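Take 240 as the starting number for the sequence shown in the numbering used here and just add one per residue.
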Amino acid sequence: MSDMVEEFKLDYSYKYPKVSKDSQIDFNAAIKEGINERGLKLLPEEAINVYKARIKEEKQVYKEVGAIDYMLLQKKIIDWAKEQKIYPGYGRGSVSGSLVAYLMGITEMDSVKHNLNFARFMSKERISLADIDVDWPPSRRQEVIDYVASLEDELDNFYFSEIITYGTFGYKGAITVMFKEFGLSNDEVKALTKPIDEKKEAQFDSLMKKYRSQYPEAMWYAERLVGVMSNVGSHASGFIVSPIDLRTHMGTVMTSKDSIHPVSAINMKEIDGLNFVKLDILGLSSIELTNETCEMAGLDRLTPDTSNALDMDVWNSMLDTTLSVFQFESETAESYYRRLFNPDTITTLKKSIGENLDLMNLFSIGNAAIRPSGNSYRDALAKGKVVDYGHEALNNFLAPTASRMIFHEQIIQFLMDFCGYSGGEADLVRRAIGKKQKEQLDIYVPQIKERFID
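Take a look at the structure:
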């Protein structure tokens, strides 16, 4: 069979769909329109110059990495959705660092105002496919998916599909199937599989040893079934858009029981490896709740530009409940919010950081602290304690985050300001830290220490 396979080459080029006849002109026009709509021309001259420099920098990067068409596609989707009164989230992840994305209406985050770093999203040194996650109201998410699929009919050389997922047998599933084949009843199989927990290694190993002894033949077959494909489906939120026909260049094999659209014949990692563009169309209930509440109350839809982050009534109301506050819904997160935002902690932090303590920033710090990586500073932060590093410039740099290096953007800015890295170089280090790439970190850490000391 292998002798019958004809030689072929894989296409690793970036496959951004084209939605405009003249992308550069439409890109510039969208940015210019955004400058007017966002009111940048009304700012003081000094601020205008900062925005101008940032826009110039970002436009050059988008052009060099070839992502202009991708940004125009995202704008097209979001513009259509807003016309249907389907309002997306304000900006998730690294794209919030792009001022151009804000001006094009792709996000609602003014990255200059909120000190967000563009290099984390995109840079000339790290040329990779643009990746934007967009949150949508869950009840209307399917309408967005169907619209993107419909662009096949509207645009030339535009193709769409969902992404296949492969389910495989774990030990529970494999034992369930095989033990029934060897004559055990449903109740007997349930009793045997109920205590199986692969995360508890010692207990799991002991249980498997026992089953091998009691049911040697059935276990022999069951263990060979582990990892074998059991079913196929489609990815919950990932979709492919392509300028080349997916039926001939990738293969679309089916529609799943959950979708009316074609599904790819290869899975996520291979799709990423071949540099097909993936859209993440996510559902987020808190976005829907916010949108519907504003509509029912007769209010303009809340965005970072139309919300008052200094309104203490709002912050204090969350001391009573954090119900529906994104990533603060759990009891643990709610409890930590009460500790971090209690009046004593706020007073203590103001003494260290200053009276202009940014509460939205503190809220974001708290979001980081409740994650596993925040364990080293979580309790001290909740008491308002800060660290003096004996280095004035470093103390000042870390003051906004209560003396801790917390945000991805901070890591990038620290490496640029204190160690002389470019934005792209700094982002490579940031990625190694975020992904815990030990081999890379073993190289980077000595370099960082040397550069910082110099």
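A virtual CB, placed ideally from N, CA and C, is assigned to each residue, including glycine. Note that the structure is predicted; figures quoted are calculated from it, not measured.
Cβ pair residue i, residue j closer than 9 Å
{"i": "LEU579", "j": "ALA621", "result": "yes"}
{"i": "ASP583", "j": "GLY623", "result": "yes"}
{"i": "GLY466", "j": "GLU437", "result": "no"}
{"i": "ASP349", "j": "PRO543", "result": "yes"}
{"i": "SER476", "j": "ASP519", "result": "yes"}
{"i": "GLY659", "j": "SER362", "result": "no"}
{"i": "SER563", "j": "SER603", "result": "no"}
{"i": "LEU588", "j": "VAL553", "result": "no"}
{"i": "GLY522", "j": "ASP372", "result": "no"}
{"i": "LEU355", "j": "ALA269", "result": "no"}
{"i": "MET417", "j": "ALA461", "result": "yes"}
{"i": "SER498", "j": "MET489", "result": "no"}
{"i": "ASP627", "j": "ASN634", "result": "yes"}
{"i": "TYR290", "j": "VAL244", "result": "no"}
{"i": "GLU393", "j": "GLY344", "result": "no"}
{"i": "THR586", "j": "GLU573", "result": "no"}
{"i": "LEU446", "j": "PRO434", "result": "yes"}
Closest Cα partner of residue i within the set the options
{"i": "ARG643", "options": "ASP618, LYS291, SER661, LEU667", "result": "ASP618"}
{"i": "ALA413", "options": "VAL387, SER469, LYS352", "result": "SER469"}
{"i": "ASN606", "options": "ASP261, PHE565, ASN288", "result": "PHE565"}
{"i": "GLU631", "options": "PHE657, ASN614, PRO611", "result": "PHE657"}
{"i": "ASN600", "options": "PHE567, THR640, MET458", "result": "THR640"}
{"i": "GLY273", "options": "VAL304, GLU245, LYS314", "result": "LYS314"}
{"i": "ASN506", "options": "ILE499, LYS517, SER498, HIS500", "result": "LYS517"}
{"i": "GLU527", "options": "MET240, GLN263, GLY328", "result": "GLY328"}
{"i": "GLY330", "options": "ASP370, ALA292, LYS298", "result": "ASP370"}
{"i": "VAL428", "options": "THR407, GLN442, MET458", "result": "MET458"}
{"i": "HIS500", "options": "GLY629, ASN581, ASP385, VAL289", "result": "ASP385"}
{"i": "LYS302", "options": "GLU509, LEU549, VAL684, PHE266", "result": "PHE266"}
{"i": "LEU390", "options": "LEU312, PHE567, ILE435, THR407", "result": "LEU312"}
{"i": "GLU297", "options": "GLU284, VAL339, ALA671", "result": "VAL339"}
{"i": "ASN581", "options": "ASN595, ILE287, SER556", "result": "SER556"}
{"i": "TYR251", "options": "ILE435, SER473, ILE692, GLU509", "result": "GLU509"}
{"i": "ASN614", "options": "ASP242, ILE645, GLY629, GLU594", "result": "ILE645"}
{"i": "PHE691", "options": "SER241, PHE653, GLU284, GLN442", "result": "PHE653"}
{"i": "THR571", "options": "ASP242, PRO611, PHE443", "result": "PRO611"}
Own chain partners of residue i with C-beta closer than 6 Å, once the 5 adjacent residues on each side are dropped
{"i": "TYR575", "result": "ILE609"}
{"i": "ARG669", "result": "HIS647, ILE650, ILE651"}
{"i": "PHE360", "result": "SER333, VAL334, GLY336, SER337"}
{"i": "ASN396", "result": "PRO482"}
{"i": "ILE592", "result": "ALA638"}
{"i": "MET655", "result": "ALA665"}
{"i": "ALA286", "result": "none"}
{"i": "ILE366", "result": "VAL304"}
According to DSSP, residues forming a beta bridge with residue i
{"i": "ASN634", "result": "For ASN634, which the question treats as bridged, DSSP gives no partner whatsoever."}
{"i": "ARG331", "result": "ASP372"}
{"i": "LEU431", "result": "None; LEU431 has no bridge partner."}
{"i": "GLY477", "result": "ASP519"}
{"i": "ASN470", "result": "GLY406"}
{"i": "LYS254", "result": "PHE515"}
Close-in-space but distant-in-sequence residues of the same chain around residue i (CB under 7 Å, 5 per side omitted)
{"i": "ASN530", "result": "TYR326, PRO376, ARG540"}
{"i": "GLU420", "result": "none"}
{"i": "THR432", "result": "LYS411, ILE414, THR415"}
{"i": "VAL300", "result": "MET361, SER362, LYS363"}
{"i": "TYR253", "result": "GLY305, LEU368, ASN514"}
{"i": "TYR694", "result": "As shown, the chain starts at 240 and ends at 693. That puts residue 694 outside it, with no answer to give."}
{"i": "THR407", "result": "GLY466, VAL467, MET468, SER469"}
{"i": "THR491", "result": "SER400, LEU485, PRO501, VAL502, SER503, ALA504"}
{"i": "TYR683", "result": "VAL668, ALA671"}
{"i": "ILE294", "result": "ILE270, LEU338, VAL339"}
{"i": "GLY673", "result": "HIS647"}
Close Cβ partners of residue i (< 8 Å) along its chain, the five nearest in sequence each way excluded
{"i": "CYS533", "result": "ASP539, ARG540, LEU541"}
{"i": "LEU549", "result": "LEU598"}
{"i": "LEU249", "result": "LEU513"}
Legend entry - Given 8 Å, three or more beta-carbon pairs between the region 375-382 and the region 446-453: The region 375-382, when compared against the region 446-453, does not touch it at the 8 Å Cβ threshold.
Legend entry - Contact between the region 476-487 and the region 397-411 (3+ Cβ pairs under 8 Å): Verdict: yes, contact present.
Legend entry - Contact the region 255-266 vs the region 302-312: 3+ CB pairs below 8 Å: By the C-beta criterion, the region 255-266 is judged to be in contact with the region 302-312, since at least 3 inter-stretch pairs fall below 8 Å.
Inset, instruction - Flag this pair as touching only if the region 313-326 and the region 273-283 have three or more C-beta atom pairs under 8 Å; answer yes or no. - result: The answer is no - the region 273-283 does not touch the region 313-326, with fewer than three Cβ pairs under 8 Å.
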